[in-house]
Structures are given as C-alpha cells and as structure tokens.
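Undergrad: Protein chains in written order, with the UniProt record's numbering: chain A, 1 to 338; chain B, 1 to 338.
Every residue, glycine too, gets a C-beta built ideally from N, C-alpha and C.
All of these numbers come straight from a predicted model, not from anything done at the bench.
Number of protein chains: 2
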Amino acid sequence: MKNKLSINDIAKALQVSKTTISFILNGKAEEKRISKDLTERVIKFIKENDFRPNQLAKSLSTGKTFTIGLMVEKISDYFFAQIAYHVEELANKSGYKIIYCSTENDTQKTKELIKLFAERHVDGFIITPPVGIEKEIKDLMQNDIPVVLFDRFFTDFNTSYVVMDNYESTYKAINYLITTKCANIAFIELESDQNQMTERKRGYVNAMNENRLTPNILRIPFSNDKKQTILQITSFLADNIQLDALFFATNYLTMHGIKAIHNRGLKIPHDISIVAFDDHDFFDIYTPSITAVAQPIQEMAQQLINILLNDISSRKRTIQQKVVPAKLILRDSTIRKI
Amino acid sequence: MKNKLSINDIAKALQVSKTTISFILNGKAEEKRISKDLTERVIKFIKENDFRPNQLAKSLSTGKTFTIGLMVEKISDYFFAQIAYHVEELANKSGYKIIYCSTENDTQKTKELIKLFAERHVDGFIITPPVGIEKEIKDLMQNDIPVVLFDRFFTDFNTSYVVMDNYESTYKAINYLITTKCANIAFIELESDQNQMTERKRGYVNAMNENRLTPNILRIPFSNDKKQTILQITSFLADNIQLDALFFATNYLTMHGIKAIHNRGLKIPHDISIVAFDDHDFFDIYTPSITAVAQPIQEMAQQLINILLNDISSRKRTIQQKVVPAKLILRDSTIRKI
DNA sequence: CTGAAAGCGCTTACAG
DNA sequence: CTGAAAGCGCTTACAG
C-alpha cells in the first residue's frame with residue numbers, strides 16, 4: 001500500500017488532532033462530544049478519500065485482531081469444508097475473518113501451528129485436536145485466549161467444545177439396522193483412539209451386546225491409502241460371508257467400502273445393508289442412496305461461533321460444552337431383510 | 001496475550017539494547033557483527049523463555065504480513081476446498097498463512113471483501129473473480145499489491161492468472177464422445193457469461209459443428225435449487241428422447257443430472273453416456289464410474305503460489321498467465337454405442 | 001469541545 | 001561491536 005492515507009494525513013489536511021479523528025472513526029463522536037460540524041467535515045473527508053484505517057495498527061494498539069484461527073484436520077474433507085464455509089459466513093457478520101490450516105492430525109505440526117497463530121494474535125481458536133496437545137490448549141487458556149474444540153475433545157480436562165452425540169447416534173443406527181432384521185453387523189473404523197471414534201464404537205458394541213449379537217470390528221490403519229483400504233475391506237468381506245450389514249465410521253471409509261462391496265459382487269441392500277457416519281452429497285445421489293448419520297453442520301458452526309465470540313467479548317472465560325444430536329437419514333441402502 | 005515477553009523486556013533483562021536483540025532475532029547477528037558471546041546469550045534467553053515476536057508489530061513496521069487472501073466462490077465446493085488445501089500447504093512452506101472467504105460470486109460482496117482484506121494488508125490475493133470487479137482488481141494492481149486470478153479471468157485487461165484449458169479440454173471430450181458413436185450430445189451448463197463457462201461451451205459447439213452435429217444446450221439458472229435443477233434436467237430429457245450423451249459443465253450439475261437420468265429410468269451408459277467437467281471423489285466410486293474432465297488441482301495450486309510469492313518478493317510486478325491442460329479420465333459412463 | 005503525549009512491539013538508518 | 005532514536009498508524013488516559 002503505497003502513499004495510502006493515514007489518520008495523520010487527515011489530521012493535517014483538516015487541521016484537527018488525530019485524537020479527534022480517531023474518536024469520530026470509532027463512533028465515539030457523541031460520547032466525546034465532538035461538535036456536529038467537525039464530525040461531519042471529517043466524515044465527508046473520509047468518504048471522499050475512501051479512507052480505511054490500517055487494521056494492523058489498530059490491532060497492535062487494541063490487542064484485538066478480529067481474526068479467528070480455524071484448525072481442522074483437513075480443510076478439503078467434506079465435513080470440514082462445510083464447517084469452514086458456515087463458520088466464515090457467521091464470523092463475517094460480526095466482522096471477523098478466518099485464518100485456517102490443516103493439522104493432518106499431526107501432533108507436532110499442530111503444536112507449531114498453534115504457536116504461529118498465537119504469534120499473530122488471533123482472537124480465538126476453533127480446533128479439531130489431534131492427540132497429545134493438551135498442554136498447548138491449556139497454555140492458551142491460561143493466557144486467556146478463547147478456545148473451542150470440535151468434533152472431538154479431551155476427556156481428562158475441561159474445555160469448551162462442540163461435538164456430536166457420537167455414542168447415541170451410532171447406538172440408534174445400529175438398533176435401526178437390527179429392526180430391519182440384520183444380525184451380522186460389522187463396524188468398520190479407522191485405527192484411532194480419539195474419543196469421537198471410541199464413542200462411535202461404544203455405541204455399536206453396546207447396541208450389539210444388548211441384542212445378544214456378536215460385535216465384529218475391522219480397524220483400518222491411518223496410513224492406508226485408498227487402494228489398501230479397499231483391498232482390506234474386500235478381504236474382510238471374503239472372510240466374513242455371513243455379514244448382512246456394515247456400519248462405516250466415516251464417510252471416506254464408506255466410499256471405499258462401496259468399492260469393496262462391488263469387488264465382492266454383493267448387492268446393496270439386498271445382500272448387505274450399509275450405513276455411513278457423516279453424510280455426503282454423494283450418498284443421496286448414489287444408487288442405491290446411502291443411509292447416513294448426518295452431522296448438523298450448520299448448527300455446529302453456529303454453536304462454535306456463538307461460544308467463541310461470546311467468550312471473546314466477555315471478560316471472564318467460560319467453559320461451554322455442546323453435544324448436538326445427529327440425524328439418521330434413512331435411504332435405500334438399508335432395507336428390511338427376509 | 002497477557003504478560004507476554006516483549007523485545008523490550010529481553011533488552012532490559014539482558015542489559016542490551018533492543019536494536020541488538022532485533023538484529024539477532026532476524027539472523028543479522030553476523031552481518032551486524034554482533035559478538036558471538038552476546039548472540040549466544042540472547043539466543044539462549046529466547047529459547048528458555050520461548051519468546052515469540054509479536055507479528056503484528058513486525059508487520060506494522062515492515063509492511064509485510066505474510067498473509068495471503070484467498071477469495072473463492074465457495075470454500076465448501078469440492079474444487080475450491082481442494083485448492084484451499086494445497087494452497088495452504090504450499091504457502092505454509094514459505095511462512096505464509098491464508099485468510100479465506102467465499103464470494104458466492106456476488107459482485108458487491110466481493111468488492112467489500114477485497115477492501116476488508118486490503119485493510120488487513122494481505123501481501124497478495126488469489127481470487128476467483130465474479131463479474132464486474134475489474135476496477136477493484138485494477139486498483140489493487142495500481143497499489144502494487146500482487147493479485148493472481150484463477151478458474152476464470154477478465155478478457156479485457158491484463159492480469160496474472162491460472163486457469164484450465166476449458167476450450168480444448170471440452171472440445172476433446174466431445175470429440176471422444178463422438179468416437180464412441182454418440183451423435184445427439186447435449187451440453188448442460190449454468191447460466192453464466194464468465195469465460196470459464198463460455199469457453200467450455202465454445203469447445204462443445206465447435207466440436208459438434210465440425211462433425212456436422214447439431215448443438216443442443218440446456219442452461220440452468222443460477223438461482224435454481226437442487227430440486228429445481230433435477231426437475232429441469234428431467235423434463236429436458238423427456239423432451240429430447242433422441243439424446244445419447246450428456247456433457248455436464250460442472251460437477252454439481254453432474255450430480256443432479258444423474259438423479260434426473262434415474263428419474264427417467266435411463267441406464268448409464270447403455271441408454272445415455274455422460275461426461276462431467278471437474279472430477280470428484282464420487283465419480284470414481286459411483287456405479288458406473290463417471291468419465292470426467294479433471295482439473296490438475298495440485299498443479300494449479302502450485303502455479304498460483306509460485307506466481308504470487310514470486311511477485312510478492314520481486315520489486316517489480318510481472319504479469320504471468322498459465323493455462324494448464326486438463327486430463328480426460330475415461331471411466332464406465334462413456335461406452336461405444338451400437 | 002479538543003489536543004498533546006505516551007504507548008502497542010517491532011525495525012532500521014544513523015552514529016560512534 | 002553496540003545503542004539511542006525515530007517511525008509504522010493507530011488508541012486512549014489525561015488535561016484543559
């Protein structure tokens with residue numbers, strides 16, 4: 001920005017002190033009892049010259065940047081991309097901008113990114129935490145920087161968060177499958193000990209046990225690529241020909257699982273029913289359409305922003321925890337058997 | 001950030017001037033011939049106290065924020081979400097952070113957002129421009145702020161950009177359909193006069209004409225919701241039963257088109273072949289898998305960052321324009337007819 | 001009703 | 001080899 005106007009230039013041009021300009025700029029003209037006449041002259045000048053105060057200078061002196069740090073596992077994933085969209089839209093309304101990054105669920109990378117965002121003095125953080133960053137989160141909180149976790153949280157200490165009801169929604173979905181006469185239901189998940197995953201599994205296992213059915217769990221390593229995952233699910237299906245339903249713990253697993261089901265020449269839902277965790281555009285279009293446990297994305301975004309902005313603007317930090325219910329969207333991939 | 005260390009505190013604690021601290025911090029110790037002994041003492045102190053300079057202050061005095069403004073049509077769209085992922089990853093390597101927003105292709109909103117980003121002194125812009133923001137782009141350039149457009153550009157004035165070869169890739173895809181003996185090929189597009197769309201259409205029309213086939217174009221209003229789009233395509237199919245292939249100009253149109261094809265009870269590819277512009281995870285999984293014109297997303301992101309960072313770091317602005325070739329990914333939705 | 005001055009936390013030209 | 005001082009462009013407590 002070369003030769004851009006500053007508050008000083010205006011002060012000089014108008015022969016007024018910059019204090020006065022600043023007050024007017026910040027809508028404190030009345031409060032500071034600046035004369036109407038002067039106020040109007042200044043406003044006119046500002047409009048005519050399209051003056052925009054330098055936000056960096058403003059931030060440096062007020063300590064507020066009106067920037068939120070959004071740290072998600074991977075911005076391009078359907079779920080996170082949707083969250084990013086809604087969070088930005090809502091933040092915008094309150095004058096906040098979003099700076100984002102993908103953690104890739106990498107602990108070390110995330111620690112560094114938190115520091116980088118803190119250096120830039122973001123006003124608050126929205127984070128899907130990988131394991132092992134408890135200390136960094138605590139540091140932020142001790143430094144009085146608002147943080148709200150989402151998608152998952154730490155069970156061993158208290159933070160604000162917005163998560164889905166992973167246990168309940170999975171539990172219900174499995175029970176639904178059972179009402180359709182499925183009995184051999186497998187649970188396909190990522191190898192992860194984060195609570196969003198363990199809760200889904202707990203919902204599955206409890207639903208199965210309560211119905212005197214035997215849980216059957218396939219764990220896919222994180223390091224797998226697409227092809228490996230498809231192969232692994234394919235051979236799992238070959239080894240478990242009794243299966244009549246699959247519950248996929250993430251939407252990407254569902255995508256790969258569908259390929260595997262094809263490889264085995266099985267028909268959905270006739271030979272095997274499937275339910276996906278996390279909805280996706282795709283599931284509605286696919287033939288047959290796919291039953292899914294849908295996260296209420298817009299509501300989650302709204303909660304995240306509410307909690308965060310509220311925390312930013314209030315003087316004392318509060319802990320707020322929201323567990324939002326999911327919605328089981330019934331489609332054609334689950335059908336009554338026999 | 002309460003009671004955080006500043007360069008002043010360090011200067012006091014170590015009984016050195018802050019000038020010296022600043023030099024050491026910026027790796028200018030040797031250049032400024034600071035004694036090794038002092039340098040080490042300072043570095044040690046910084047490490048021990050985990051001192052991180054306030055980037056706001058730094059930016060205010062240097063004029064550099066190491067922030068890039070990414071303005072896309074909609075961050076949650078598959079294509080833009082992928083671009084966002086790669087752009088951030090690449091920018092990160094050079095110490096840049098990304099601040100993003102969705103323009104929704106709204107001219108007025110975009111103008112305002114450009115100003116908001118400029119106020120924050122982003123070092124450069126990556127923009128998918130809606131129509132009518134030529135003046136704002138020119139202003140940025142005149143103020144010596146690097147801008148690179150992508151996905152589309154303005155034909156009436158010179159800017160840096162990275163776009164796909166929309167004409168050529170569509171032209172080739174249509175010709176491919178013709179080699180599979182399709183003759184009644186319709187082109188389904190969004191009502192848009194932006195060049196990425198008009199170029200795709202030009203590729204279609206030329207390929208048809210050169211083969212003495214009659215173009216048949218369906219334009220979907222921007223304002224349509226999902227349901228309306230599906231209905232519109234469904235009735236188009238009913239009115240044009242001679243069609244043996246559809247080319248969809250965007251991946252969302254493809255999704256809706258597939259539903260419409262289902263509604264009509266047509267089988268892909270037996271009754272009708274389809275080709276999508278823009279690839280999507282979904283297309284590979286769908287049965288039948290969908291032939292698509294794939295944008296080389298990672299390459300585009302790389303070009304965007306190369307051009308922008310190069311422009312940021314060089315003193316004189318350059319105009320760089322890259323037209324990257326697309327790849328026609330043949331899958332099961334296009335099959336030789338008869 | 002309005003302004004001079006200090007401060008936010010850095011950088012850097014200049015001086016010795 | 002090192003430092004005092006001015007400056008980046010704002011805000012705000014204080015004074016009159």
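If you measure from the beta carbon of D311/B to each beta carbon in chain A, is any gap under 8 angstroms?
TA: Output row for D311/B: interface = no.
Undergrad: Under a Cβ-count criterion, where at least 16 other Cβ atoms within 10 Å of its own Cβ denotes burial, should F150/B be classed as buried or exposed?
TA: F150/B should be labelled buried.
Undergrad: Using 8 angstroms as the limit for Cβ to Cβ distance, is F282/A near chain B?
TA: Yes, because at least one Cβ of chain B sits closer than 8 angstroms to the Cβ of F282/A.
Undergrad: So which residues of chain A does H121/B contact, with C-beta pairs closer than 8 angstroms?
TA: Residues of chain A passing the Cβ test: M1, N54, Q55 and L56.
Undergrad: If we cut at 8 angstroms on Cβ distances, does I98/A have a partner in chain B?
TA: Yes, its Cβ sits closer than 8 angstroms to a Cβ of chain B.
Undergrad: Residues in its own chain within less than 7 angstroms of Y204/B by CB, not counting five upstream and five downstream?
TA: So the list reads T170, I174, F187, P215 and F247, once near-sequence residues are dropped.
Undergrad: At the 8 angstroms Cβ level, is K138/A part of the contact set with chain B, yes or no?
TA: Chain B contact via Cβ: absent.
Undergrad: What does the Cβ neighbour count give for T19/A, buried or exposed, with the cut at 16 atoms within 10 Å?
TA: Exposed.
Undergrad: Quick test of the definition: if touching needs 3 or more C-beta pairs under 8 angstroms, does the stretch 77-87 of chain A touch the stretch 140-149 of chain A?
TA: The stretch 77-87 of chain A vs the stretch 140-149 of chain A: no contact.
Undergrad: How many Å lie between N263/A and D239/A at the Cα?
TA: If I take the Cα positions, the gap works out to 14 angstroms.
Undergrad: Which word fits T155/A, buried or exposed, when buried means at least 16 other C-beta atoms lie within 10 angstroms of its C-beta?
TA: T155/A should be labelled exposed.
Undergrad: What span of residues does the beta strand (DSSP E) with T67/A cover, start to end?
TA: Start and end: T67 to V72.
Undergrad: In three-state DSSP terms, what is I319/B?
TA: In this structure, I319/B counts as coil in the three-state DSSP scheme.
Undergrad: So for K138/A, helix, strand or coil by DSSP?
TA: The answer is helix: DSSP assigns K138/A an H, G or I state.
Undergrad: Rounded to whole angstroms, how far is the Cβ of D106/A from the Cβ of P130/A, which I believe are closer than 8 angstroms?
TA: Contact holds; Cβ gap of about 6 angstroms.
Undergrad: Mind checking K179/B: buried by the 16 CB within 10 Å criterion, or exposed?
TA: Position check: residue 179/B holds Thr in this sequence, whereas Lys was assumed. So T179/B counts as exposed.
Undergrad: What's the call for H121/A, buried or exposed, on a 16-neighbour Cβ count within 10 Å?
TA: Classification for H121/A: buried.
Undergrad: Mind checking A81/A: buried by the 16 CB within 10 Å criterion, or exposed?
TA: When all chains shown are included, A81/A counts as buried.
Undergrad: Given K64/B, which residues of its chain have a CB within under 7 angstroms of its CB, disregarding the five upstream and five downstream residues?
TA: So the qualifying residues of the chain are D123.
Undergrad: Reducing DSSP to helix, strand and coil, say where S333/A ends up.
TA: In the structure shown, S333/A sits in coil (DSSP, three-state: anything other than H, G, I, E or B).
Undergrad: Alpha carbon to alpha carbon, how far is V72/A from D295/A? Give it in angstroms, no decimals.
TA: Rather than Asp, the amino acid found at residue 295/A in this sequence is Gln. If you take the alpha carbons of Q295/A and V72/A, they lie about 16 angstroms apart.
Undergrad: List the residues of chain B that E88/A touches, going by C-beta distances under 8 angstroms, in chain order.
TA: Simply I75, Y100, C101 and S102.
Undergrad: Assuming F45/A contacts I34/A under a Cβ cut-off of 8 angstroms, what Cβ separation, rounded to an integer in Å, is found between them?
TA: Rounded, the Cβ-Cβ distance is 14 angstroms, inconsistent with contact.
Undergrad: Beta-carbon separation of D278/B and A301/B under 8 angstroms?
TA: No, these two residues do not count as a Cβ contact at 8 angstroms.
Undergrad: Please check if any C-beta of chain A sits within less than 8 angstroms of the C-beta of M208/B.
TA: No, M208/B lies away from the interface with chain A (no Cβ there is under 8 angstroms from its Cβ).
Undergrad: Just the chain A side, please: which residues come within less than 7 angstroms of K259/B by C-beta, in chain order?
TA: Ordered by position in chain A, the residues that pass the 7 angstroms Cβ test against K259/B are I285.
Undergrad: Just list the alpha helix (DSSP H) runs in the stretch 143-219 of chain A, keeping only unbroken ones of 4 residues or longer that don't cross its boundaries, in chain order.
TA: Listed in chain order, the complete alpha helix (DSSP H) runs (minimum 4 residues) inside the stretch 143-219 of chain A are 166-179 and 195-210.
Undergrad: Alpha carbon to alpha carbon, how far is L231/B from A207/B? Give it in angstroms, no decimals.
TA: Cα to Cα, the separation comes out at about 28 angstroms.
Undergrad: With a cut-off of 8 angstroms, does the C-beta of L60/B fall near any C-beta of chain A?
TA: Yes, its Cβ sits closer than 8 angstroms to a Cβ of chain A.
Undergrad: Quick one: which chain A residues come within Cβ less than 8 angstroms of Q82/B?
TA: Here the neighbours are S76.
Undergrad: Starting from H262/A, find everything on chain B with Cβ-Cβ shorter than 8 angstroms and list it in chain order.
TA: In chain order: T287.
Undergrad: Measuring CA to CA, which of L237/B, H256/B and I241/B is closest to K226/B?
TA: The candidate whose alpha carbon is nearest that of K226/B is H256/B.
Undergrad: Between the alpha carbons of L116/A and S223/B, how many angstroms are there, rounded?
TA: Taking the straight line from one Cα to the other gives about 41 angstroms.
Undergrad: Along chain A, which residues have their Cβ under 7 angstroms away from the Cβ of M255/B?
TA: Ordered by position in chain A, the residues that pass the 7 angstroms Cβ test against M255/B are D281 and I285.
Undergrad: Report the residue from S235/B, E168/B and K316/B whose alpha carbon sits nearest the alpha carbon of G265/B.
TA: With distances taken between Cα atoms, G265/B lies closest to S235/B.
Undergrad: Does the CB of K135/A have a neighbour CB from chain B at under 8 angstroms?
TA: Chain B, which has no Cβ nearer than 8 angstroms to the Cβ of K135/A, makes this no.
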